[in-house]
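*Asks:*
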Amino acid sequence: MRNNNEYQAQFDAARDNPEKFWGEAAQAIRWSREPTQIIDDSNVPFYRWFADGELNTCDNCLDRHVDAGRGDVVALIHDSPVTDSQQRYTYAQLRDAVARFAGVIRDQGVDKGDRVIIYMPMIPEAVIAMLACARIGAVHSVVFGGFAGAELAKRIDDATPKLVLSASCGIEPTRTVEYKPLLDSGIELAEHKVERCVIFQRDTLTCDLIEGRDVDWQAALADATPADCVPLAATDPLYVLYTSGTTGKPKGVVRDNGGHAVAMHYSMKAVYGVAPDDVFWTASDVGWVVGHSYCVYAPLLLGCTSVLYEGKPVGTPDAGAFWRVIAEHKVNVFFTAPTAFRAVKKVDPQGELAKQYDVSSLRALFLAGEHCDPDTAVWAGTHLNVPVVDHWWQTETAWPMAANPLGIEQLDVPLGSAGRPVPGYDTHVLGPDGAEVVNGEMGDICVKLPLPPGCFPTLWQNDARYKSSYLEDFPGYYRSGDAGYFDADGNLWVMSRVDDIINVAGHRLSTGMIEEVIAAHPDVAEAAVVGAFDADKGQLPVAMVVLKSGVTRSNDDVIAALIALVRERIGPVAAFRKATIVERLPKTRSGKVVRATLREIADGKDWTTPATIDDPAILTDIEEQLGRIGYARSRS
1 MRNNNEYQAQ FDAARDNPEK FWGEAAQAIR WSREPTQIID DSNVPFYRWF
51 ADGELNTCDN CLDRHVDAGR GDVVALIHDS PVTDSQQRYT YAQLRDAVAR
101 FAGVIRDQGV DKGDRVIIYM PMIPEAVIAM LACARIGAVH SVVFGGFAGA
151 ELAKRIDDAT PKLVLSASCG IEPTRTVEYK PLLDSGIELA EHKVERCVIF
201 QRDTLTCDLI EGRDVDWQAA LADATPADCV PLAATDPLYV LYTSGTTGKP
251 KGVVRDNGGH AVAMHYSMKA VYGVAPDDVF WTASDVGWVV GHSYCVYAPL
301 LLGCTSVLYE GKPVGTPDAG AFWRVIAEHK VNVFFTAPTA FRAVKKVDPQ
351 GELAKQYDVS SLRALFLAGE HCDPDTAVWA GTHLNVPVVD HWWQTETAWP
401 MAANPLGIEQ LDVPLGSAGR PVPGYDTHVL GPDGAEVVNG EMGDICVKLP
451 LPPGCFPTLW QNDARYKSSY LEDFPGYYRS GDAGYFDADG NLWVMSRVDD
501 IINVAGHRLS TGMIEEVIAA HPDVAEAAVV GAFDADKGQL PVAMVVLKSG
551 VTRSNDDVIA ALIALVRERI GPVAAFRKAT IVERLPKTRS GKVVRATLRE
601 IADGKDWTTP ATIDDPAILT DIEEQLGRIG YARSRS
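What the sequence shown shows, in UniProt numbering, is residues 1 to 636, in sequence order.
1) Do T339 and A153 have their beta-carbon atoms positioned less than 7 angstroms apart in this structure?
2) Tell me, please, whether the stretch 297-304 touches the stretch 58-74 by the rule of three or more beta-carbon pairs shorter than 8 angstroms.
3) Are the beta-carbon atoms belonging to N60 and A261 less than 7 angstroms from one another?
4) Which value, in whole angstroms, describes the spacing of the CA atoms of Q108 and D534?
5) Pairing CB atoms from the stretch 574-581 with CB atoms from the stretch 541-552, are three or more of them under 8 angstroms?
6) Mind checking whether V331 and M130 have CB atoms under 7 angstroms apart?
7) Bridge partners for T282 per DSSP, in chain order?
8) Taking 8 angstroms as the limit between beta carbons, can you name the residues of its chain near G419, skipping five residues before and five after?
9) So for R589, helix, strand or coil by DSSP?
10) Thinking C-beta only, is A159 closer than 7 angstroms to R569?
11) Using the Cβ count rule (16 or more neighbours within 10 Å means buried), how would you classify I210?
12) Do M313 and V274 have their C-beta atoms closer together than 7 angstroms?
13) How many Å lie between A132 and V198 at the Cα?
14) Below 7 angstroms CB to CB, which residues in the same chain sit around I618 once its five sequence neighbours on both sides are set aside?
15) Please name the residue or residues paired with L547 in a DSSP beta bridge.
16) What does F366 pair with, by DSSP beta-bridge criteria?
17) Would S80 be called buried (16 or more neighbouring beta carbons within 10 Å of its own) or exposed?
18) Should C169 and T204 be called a contact, given that it needs their Cβ atoms to be closer than 7 angstroms?
19) Tell me whether R255 is buried or exposed, calling it buried when 16 or more other Cβ atoms sit within 10 Å of its Cβ.
20) For the beta strand (DSSP E) that contains Q87, what are its first and last residues?
21) Measure the CB-CB distance between Y294 and F335 and report whether it falls below 7 angstroms.
22) Specify whether the stretch 518-530 and the stretch 464-471 touch according to this definition: at least 3 beta carbon pairs, one from each stretch, less than 8 angstroms apart.
23) Give the straight-line distance between the Cα atoms of E19 and F50, rounded to the nearest whole angstrom.
24) On a Cα-Cα basis, can you pick out the residue from D16, Q27 and L221 that is closest to A99?
25) Taking the Cβ atom as the reference point for each residue, do M264 and A298 lie within a distance shorter than 7 angstroms?
26) Here's the rule I'm using: 16 or more other beta-carbon atoms within 10 Å means buried, otherwise exposed. How should S42 be labelled?
27) For E515, which residues from the same chain have a beta carbon less than 6 angstroms from its beta carbon, with the 5 sequence-adjacent residues on both sides left out?
28) Could you name the residues that DSSP lists as bridge partners for V429?
29) Sorted by chain position, which residues of the same chain lie with C-beta nearer than 6 angstroms to A25's C-beta, five sequence neighbours on each side aside?
30) Does DSSP put M268 in a helix, a strand or coil?
31) Using only the alpha-carbon positions, how far apart do P572 and V143 sit?
32) Of the choices Q10, D373, A14 and A9, whose alpha-carbon is the least far from that of P453?
33) According to DSSP, which residues form a beta bridge with K578?
34) Under three-state DSSP, which class holds D203?
35) Less than 7 angstroms between C-beta atoms, sequence neighbours within five positions excluded: which residues of the same chain meet that for A519?
36) Do R324 and A227 have their C-beta atoms closer together than 7 angstroms?
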């Protein structure tokens, strides 16, 4: 551990003179027009970074490295235990594949600024599709392949894409997921009508194509002419990524080109401590922000080798999967969610499988997506013999807000803390009155504006929601939606969400979205969904459901139907399996369901009756009901 306070020097520099700090960081990027205006604050709160600069993100990810003589360096390793196959692309090979497929996209009538939805499994073609969009200036929006047609339809209607890129199937350890029926359903349900789809046929399962709409991926490639990189304004959108909204309507987080490229490059060195030619593995789906940032863009911007993994922590084939990938590909830095290590620990608690592999190449393990319990961090660190860094960030920010920044200085961060604010994030914990609270006191975690480069400048076509959702509660600050506190040493402790977003195995889902689906069932009058602690997945949704009068079906039949409905409408990622039928929901006199109290009851915690509740007895009844399905006090 170094003691020369490099972290504090960088933090102070970024806070006190952000123009100088980020102007220097921007020199690592290749610009077709160098920015002279580092930050444009002429339209507060809509700050813009590198406003007069011009670049292309794909050029910086691929062409720049080839031009520098690094074309033979491996850029991407696809490791797929579910198909028992591996592929490797050098930077030159990946550039050529992307340029060729960019020609396919262009041939479908897609121009700069048009949106393209990507609905694909974890295969190289997904990465190629993302980079090909970036190459010609199309705005991609990746939708996780596990989402059902109704959720896909919402994203189609908001993004209004000209083109959808998809595949015939995704492959799970025990089943093959047909993507085409889900895609067709989403297109049918959407009001915006997609005119063209390009479909990649996988060997495991092929699908029928709709004449006049669907195009075969390989056939289109055969006739395509490679496309060159299109110069883009730094403020032009690179992608839109949807995150759950508390109303059930997804929010389209916009990512720009210039600020994103600078931040991704900086974060790889400063936070993760990697260098060009290092092997970086992020075990995340490209449908989530972690996959965007650290499977695809950040490693390639720096010139690393990125591992794209199509498998699970356990079951493909066993709990030694992580150790095998690290050993086989000589991974230097590994990033995954704590829930993945909990799954490995559950199957192999003594770490016997870890002893079968040489993981000495690894220098650090990073965990994010949910709070990591100290036991899991200690277990992982023991078997990997490396620092374990639990860090914190969000879809909205694209890169870490708090961490132990190994590339700057390894700090003394206690287990359970998310670390120190990363340079660029002027982070504060505020009370309800907007004043900063004392160390050790819980409050809203907020970041003083402007947010650093890489963070979202707005929501897709919804500036008003951007302001109302994130900026209005604490003027001059971005409200993260998380609650926590600083300790006396400046470490940030992120304790809980302040809204009703739940975290299921690293996937952020809105309880409002699940409630909306349940309430759509003809037997249901109303429902409340909360996240309850789960040792393996972090949280699981639990529903309390009020039936309409006159329902004759059994409670068990209704619950089974609701579980099936959520799976159909949202997908298996919701992991919704527990519900109880109640007489009525506990509400305040103003009609609000007391969700915070319900969460405490579900977790078996001590709870107090809210002063504003209309009928205190109902909470005791619900505690008993939840106990019967394995929650509340019975789980202690």
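Even for Gly, the Cβ is constructed at its ideal location relative to N, Cα and C.
*Replies:* Quick answer:
1) no
2) yes
3) yes
4) 46 angstroms
5) yes
6) no
7) F335
8) V389, D390, H391, W392, A402, A403, N404, P405, L411, V413, N491 and L492
9) Residue placement at R589 cannot be trusted, given a pLDDT of 49 that sits under 50; what the coordinates show is reported in the next sentence. Coil, per DSSP.
10) no
11) exposed
12) Rather than Met, the amino acid found at residue 313 in this sequence is Pro. Their beta carbons are not under 7 angstroms apart, which means P313 does not touch V274 by this criterion.
13) 13 angstroms
14) R584 and P586
15) V524
16) F335 and V389
17) buried
18) yes
19) buried
20) S85 to T90
21) yes
22) no
23) 10 angstroms
24) L221
25) yes
26) exposed
27) A527 and V529
28) I445
29) V262 and Y266
30) helix
31) 14 angstroms
32) A14
33) V542
34) coil
35) E526 and A527
36) no
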